[in-house]
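Just so you know, the sequences run in chain order A, B, C and D. According to this note's numbering, the first sequence is numbered sequentially starting from 1. According to this note's numbering, the second sequence is numbered sequentially starting from 311. According to this note's numbering, the third sequence is numbered sequentially starting from 621. According to this note's numbering, the fourth sequence is numbered sequentially starting from 883. Written out below as structure tokens is the structure these notes cover.
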Amino acid sequence: MNENQPDLKVRIGPLELKNPVLTASGTFGYGREFSGLFDLNLLGGIVVKGLSLKPMAGNPPPRIVETPCGMLNAIGLANIGLDLFLEEKLPWLKTLDTTVIVNIYGHSIDEYGALAAGLKGLDGIAAIEVNISCPNVEQGGMAFGTNPSVSAQVTETVVKNSDKPVIVKLSPNVTDVRAIALAVEKAGAHAVSLINTLTGMAIDIDSRKPKLANIFGGLSGPAIRPVAVYMVYQVVRSVKIPVIGGGGIMDYRDALEFLIAGARAVQIGTANFVNPEAGVEIINDLKEFCIEKGIEKIEDIIGTLCFTRD
Amino acid sequence: MNENQPDLKVRIGPLELKNPVLTASGTFGYGREFSGLFDLNLLGGIVVKGLSLKPMAGNPPPRIVETPCGMLNAIGLANIGLDLFLEEKLPWLKTLDTTVIVNIYGHSIDEYGALAAGLKGLDGIAAIEVNISCPNVEQGGMAFGTNPSVSAQVTETVVKNSDKPVIVKLSPNVTDVRAIALAVEKAGAHAVSLINTLTGMAIDIDSRKPKLANIFGGLSGPAIRPVAVYMVYQVVRSVKIPVIGGGGIMDYRDALEFLIAGARAVQIGTANFVNPEAGVEIINDLKEFCIEKGIEKIEDIIGTLCFTRD
Amino acid sequence: MTEQKTEIIFNSQVASGTFLMGMRSPEIIAEAAPGQFVMIRVSPGLDPILRRPFSICGIQRDDIFLVLYRVIGKGTLALSRVTQGETLSVLGPLGRGFNLPEKGRKAILVSGGIGIAPLIFLAQKMHDMDILFLSGYRSKKEIVPVGWAGLSGIKTFISTDDGTIGHKGPITDLLETDISGSSHEIPFVFSCGPLPMLKRVAETTLEHQIPCQVSVETHMACGLGACQGCAVRTSSQVNRTYFHVCQDGPVFDSRSLDWKNL
Amino acid sequence: MTEQKTEIIFNSQVASGTFLMGMRSPEIIAEAAPGQFVMIRVSPGLDPILRRPFSICGIQRDDIFLVLYRVIGKGTLALSRVTQGETLSVLGPLGRGFNLPEKGRKAILVSGGIGIAPLIFLAQKMHDMDILFLSGYRSKKEIVPVGWAGLSGIKTFISTDDGTIGHKGPITDLLETDISGSSHEIPFVFSCGPLPMLKRVAETTLEHQIPCQVSVETHMACGLGACQGCAVRTSSQVNRTYFHVCQDGPVFDSRSLDWKNL
Ligand SMILES: Cc1cc2nc3c(=O)[nH]c(=O)nc-3n(C[C@H](O)[C@H](O)[C@H](O)COP(=O)(O)OP(=O)(O)OC[C@H]3O[C@@H](n4cnc5c(N)ncnc54)[C@H](O)[C@@H]3O)c2cc1C
Ligand SMILES: Cc1cc2nc3c(=O)[nH]c(=O)nc-3n(C[C@H](O)[C@H](O)[C@H](O)COP(=O)(O)OP(=O)(O)OC[C@H]3O[C@@H](n4cnc5c(N)ncnc54)[C@H](O)[C@@H]3O)c2cc1C
Ligand SMILES: Cc1cc2nc3c(=O)[nH]c(=O)nc-3n(C[C@H](O)[C@H](O)[C@H](O)COP(=O)(O)O)c2cc1C
Ligand SMILES: Cc1cc2nc3c(=O)[nH]c(=O)nc-3n(C[C@H](O)[C@H](O)[C@H](O)COP(=O)(O)O)c2cc1C
Ligand code: FES
Ligand code: FES
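Structure representation (structure tokens):
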């Protein structure tokens, strides 16, 4: 590497990333789907599709609908389940020279624990990201992540059953995201990531049916970016553990908003659909931005939000 | 009026509107600003800019910033205050042949009460809309509207001090909007309207400053529509009082989503900036839609969301 | 599969609301098979944000692939306004195309409306076979002229819903007549078009035990098998609940789909 | 004030990144005064969503008003791509323009970059007065040719930051020289341009007790006085905290603004 190249490395607690750009869970499959398009090893890391203990077929279609500057999805967490993941996906992921993070979710706290345990001791998995935005069937269907103490219980269980850094992924569908962040920090999370999708709905006015078979779904894309930046800003100021930011990032300028707000890395989601090379392009553009501005290391940008007005 | 014209009248509890299209508070000034452009009497109603007891200068600029398919505003509830409103604005508003609704907010529960009392007995004001999304200075700065019992207290106070129908405008920045809706229903609200803006933020990456002087602001526009439709859908299924919907409505198709979801009227906000005639155009297009589909009265569309899939 | 800025060579209206667009990409052509599709970013802005899927409808020279599309919403409207010389980002070719039958077998191609697009490319690739091309339209003015496609010699029949030309009624009428008529040879059926038509084709071919491949449409986000947004329900023959159209399809054996709950 | 679909008569580049657009609207022209502006919806889609404010820069024939603009972001970029014959929704004329001085008085017009736009219209309306037109640019290539504006006979001086033409340095240098030089007559100063320049103009004119009107820019949503988004801070002379640029301005007496906290 050229000596004058800016240093893009970032630390997320126990984790070191070669650069701050991760692909977001559910928007990058198991990585391999994009491998024909560019060198995945350029990425800071890959967060794979949400994994459950047993395979899940997912929701009936339609599962996605476009909205202004965004999209709704109700995939229903379709995935191949832990066993098949280990058998079919992990071996290939292990060949990559980038950080692989496994996103997990359970239908119960025990299931979260079982997933963490199932991933214990395995090579090639750098960290676990815990999706707490799914409905908690045991407690009336509200998402685990909308209640601080339930969020803490999930976190505790995963941390206890895991030998890896645990990132808890926060839901934005709450009154005070800081309360949830503080609760999971206290429960032992090594980092938090946010935001997951906002809950939304769209109706077809001709058939008068919801456009998603599941009725509602998760809103993502640039439409939600201002909400995401604000929540990241809030959480960075509340917890001591590192924060990974995302929501609506389309280009390096958007990524910089999160870094300046204090996120130590970013996740690229919906942008992968619009431009499958979004991740690498953002990395390159961040590098150029640093060169242009004479910034030696990207860490020097993180959390530099400035409040004085002239 | 032609006998074959569809009937656009709707009832919002004690209130009858000539059609279901209202302009949203803060996006239509005191009405007069638009009076050179079209006949305001065609509107179902006008919700005037949020009114406080004393005049407020508002936040320092910049107060607005464009975002993907939306905008952030931090106007800071700049307004002329109750006395000047009654003196300078109400007389003109009274000359209109449309429903005028006054949006109020206070810095304390007492202030809400004083505002309601100040509007008591006055002609030309058909209803009061209570904005509970502003920060509650007495209770740590979280908005009144994020807590069910505080929301109920505000509602009770306004209802007690008022002789008019009271519409409580709900904030979307909550974990469970139904809980707030139920609380204000119980406290005597005659209707609820939703959604107010989502909290968001944008950062200028060159200066590394928040783009709004106030740091954060309210996100509005089509970007938030899916969130708004979902919350309206949820609240309609939770309360018995009528629901007024809005958030990101740009055209009649968007308006229909809310009506089908069960809103009895809609509010047009940001669209007024993009197309100052949005309100009347939506009314005309709704009329045409009814004619085309052979719908005799718009009430027949309300709440007709259909769940069977083929 | 590549993602590249692709130059528009032409983009012109060929029938009511219907456009034929030529895009230069030797790379895409090198891999393209009938039934495969591309995801086009119709505008550089954020609204509309998602790419739009279109079948590859043919090849011209050795460097231009064709897309035949109907304007139905804001994405296709934006596309129809793109002019020669501009470039758009294209991702493709994607998905699994048609399985071509052995030479000499009879093939019946059944299209509804713009569903003719992938079948034109298919017909081009089967030029040495016995092809019957049945295309249905709503009305005469929507008929796509296919002179450019080099399909001369192929038997073609047309139907319109309103009877303005050809048989009046659904194109499946003609399919049924043909199948019932020619009992000694079992043809292969290939079909693309609106869901109700496809359903009818699937029923008819099932009834007569004729192999049938259909190309189906769903909303898509990625086109790459990553988002799982493009699910369609499988029939009980298949030991999983959903296919992903962008990866497992868009062409399927019609018996592998659950036509009641697609 | 009207809101109407307005036809583009021409829209062409006149300097580096700078376009001159003519739009047909007898209605807007009937009311337009120098310093007023229009809000243009630059694209029918939702991104960008807000209208963009532009000063009226002049009038041609009796039915075309002109907009001179610099491409700085996605709204102006979209605008630069609109072609002759297309229509865009225009709202205007809006705001309060310049107060014209009594005839015979000397007027100094000071512009920075694209801030020349409203001053061209102003100069056209003051053709029978003694005008000194000072325009500053970053560089020669950004200079807006004004041959079309019919301003012959007006004394014009140019400065550039990089010295590629005219005086090298800020245009306010020339203003200061002129004011210090001509002590017997008190001129009126009219100015539009970037904030630091305007600030300097305000300071200089205040120092010499010369009346000065400035046209300022803020982000706007409605342009109608309804949203209160376009606030600028007033000086202590004014008994309110903020002006709303779209309604109280965009032209202000420079002493009524709080230049430290604008
Ligand atoms: C594999 C495949 C091949 C296709 N090939 C062709 C073709 O060759 N020619 C052609 O004209 N059309 C084809 N379509 C349909 C085409 O993708 C849609 O007509 C187009 O996406 C509509 O976009 P819009 O913005 O104009 O419509 P809108 O209704 O505004 O689109 C809104 C959203 O719905 C999606 N959508 C709407 N209709 C369809 C549909 N029928 N299928 C998939 N998504 C849809 C859009 O992609 C978009 O995300 C194909 C679809 C698929 C899945
Ligand atoms: C009263 C008035 C008159 C103006 N007259 C002219 C003119 O004659 N010629 C000209 O070239 N420009 C003029 N401007 C500035 C012009 O409005 C902006 O350059 C333009 O809005 C930028 O839009 P954009 O999408 O290209 O830039 P972006 O930076 O992408 O715009 C993002 C947002 O910021 C706003 N914005 C950005 N810069 C400005 C600015 N300087 N002033 C106001 N809003 C801004 C945009 O309106 C938009 O909402 C005027 C501004 C005002 C307020
Ligand atoms: C189609 C789709 C599927 C997703 N699946 C998951 C998932 O399995 N687990 C998870 O934690 N987040 C999931 N997400 C959320 C994204 O990881 C991301 O947090 C969100 O989309 C916001 O980022 P964006 O706006 O950049 O897309 C999914 C998002 C999309 C659009
Ligand atoms: C500039 C601006 C000012 C607003 N001011 C108020 C207000 O004073 N009181 C209030 O209850 N809502 C206010 N709102 C919220 C709107 O009334 C509306 O609820 C919100 O913008 C969502 O609708 P929309 O997406 O159609 O704009 C304001 C919104 C905007 C954009
Ligand atoms: S479109 Fe994403 S998996 Fe098929
Ligand atoms: S831009 Fe809305 S009040 Fe000035």
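Beta carbons are placed, not taken as given, at the ideal position from N, Cα and C, and that holds for glycine.
Kindly list the residues whose CB is nearer than 7 Å to the CB of residue i, restricted to its own chain and excluding five residues on each side of it in sequence; keep chain order.
i, result
"Ala223 of chain A", "Thr67, Pro68, Cys69, Gly70, Gly248"
"Leu82 of chain A", "Leu51, Leu53, Leu115, Gly118"
"Ala57 of chain A", "Ala78"
"Val375 of chain B", "Met381, Leu382, Ala512, Lys521, Leu522"
"Gly269 of chain A", "Ala24, Thr27, Ser220, Gly246"
"Ser632 of chain C", "Phe639, Leu640"
"Glu156 of chain A", "Ala187, Gly188"
"Ile799 of chain C", "Thr824, His828, Ile830"
Thinking residue i and residue j are a contact (beta carbons under 8 Å), I'd like their distance in whole angstroms, please.
i, j, result
"Gly1018 of chain D", "Pro1069 of chain D", "Not quite, the Cβ-Cβ distance comes to about 18 Å (not below 8 Å), so this is no contact."
"Gly510 of chain B", "Leu480 of chain B", "About 17 Å; that fails the 8 Å criterion."
"Ile911 of chain D", "Met903 of chain D", "Not quite, the Cβ-Cβ distance comes to about 15 Å (not below 8 Å), so this is no contact."
"Ala126 of chain A", "Val158 of chain A", "Between Val158 of chain A and Ala126 of chain A the Cβ distance is about 15 Å, and since that is not below 8 Å, they are no contact."
"Thr824 of chain C", "Thr780 of chain C", "Actually they are not in contact, since the Cβ atoms of Thr824 of chain C and Thr780 of chain C sit about 19 Å apart, beyond 8 Å."
"Gly995 of chain D", "Pro1076 of chain D", "6 Å"
"Lys313 of chain A", "Ile128 of chain A", "Because chain A here runs from 1 to 310, residue 313 of chain A falls outside it and cannot be looked at."
Who are the near neighbours of residue i in its chain, counting only those whose CB is closer than 6 Å to its CB and skipping five residues on each side?
i, result
"Gly979 of chain D", "Ala915, Pro916, Gly917, Gln918, Val1133"
"Asn147 of chain A", "none"
"Ala493 of chain B", "Pro458, Ser461, Ala462"
"Phe741 of chain C", "Pro654, Ile676, Cys677, Gly678"
"Leu615 of chain B", "Ile570, Ala571"
"Asp285 of chain A", "Tyr252"
So, are the CB atoms of residue i and residue j less than 7 Å apart?
i, j, result
"Glu837 of chain C", "Ala635 of chain C", "no"
"Phe1072 of chain D", "Leu1014 of chain D", "no"
"Gly940 of chain D", "Ala1031 of chain D", "yes"
"Phe639 of chain C", "Tyr689 of chain C", "yes"
"Cys812 of chain C", "Ser731 of chain C", "yes"
"Gly431 of chain B", "Tyr422 of chain B", "no"
"Ser925 of chain D", "Ala960 of chain D", "yes"
"Gly637 of chain C", "Val691 of chain C", "yes"
"Phe348 of chain B", "Ala1103 of chain D", "no"
"His500 of chain B", "Gly355 of chain B", "no"
"Val357 of chain B", "Asn413 of chain B", "yes"
"Met1008 of chain D", "Gly346 of chain B", "no"
"Asn524 of chain B", "Ala384 of chain B", "yes"
"Phe144 of chain A", "Tyr540 of chain B", "no"
"Ser772 of chain C", "Cys832 of chain C", "no"
"Ile205 of chain A", "Arg563 of chain B", "yes"
Among the residues of its own chain, which have a CB less than 8 Å from the CB of residue i, if the five just before and after it don't count?
i, result
"Leu1139 of chain D", "Ala1084, Val1096, Val1098, Val1114, Arg1115, Thr1116, Ser1117, Phe1125"
"Thr888 of chain D", "Met905, Arg906, Ser907, Ile910, Thr969, Leu970, Ser971, Val972"
"Asn1143 of chain D", "Arg1115"
Anything with a beta carbon under 7 Å from a heavy atom of ligand 6 counts; list them all in chain order.
D:Met1102, D:Ala1103, D:Cys1104, D:Gly1105, D:Leu1106, D:Gly1107, D:Ala1108, D:Cys1109, D:Gln1110, D:Gly1111, D:Cys1112, D:His1126, D:Val1127, D:Cys1128, D:Gln1129
Does the pairing of the stretch 570-579 of chain B with the stretch 315-333 of chain B give three or more beta-carbon distances under 8 Å?
yes
The stretch 816-824 of chain C contacting the stretch 847-867 of chain C, beta-carbon criterion three pairs below 8 Å:
no
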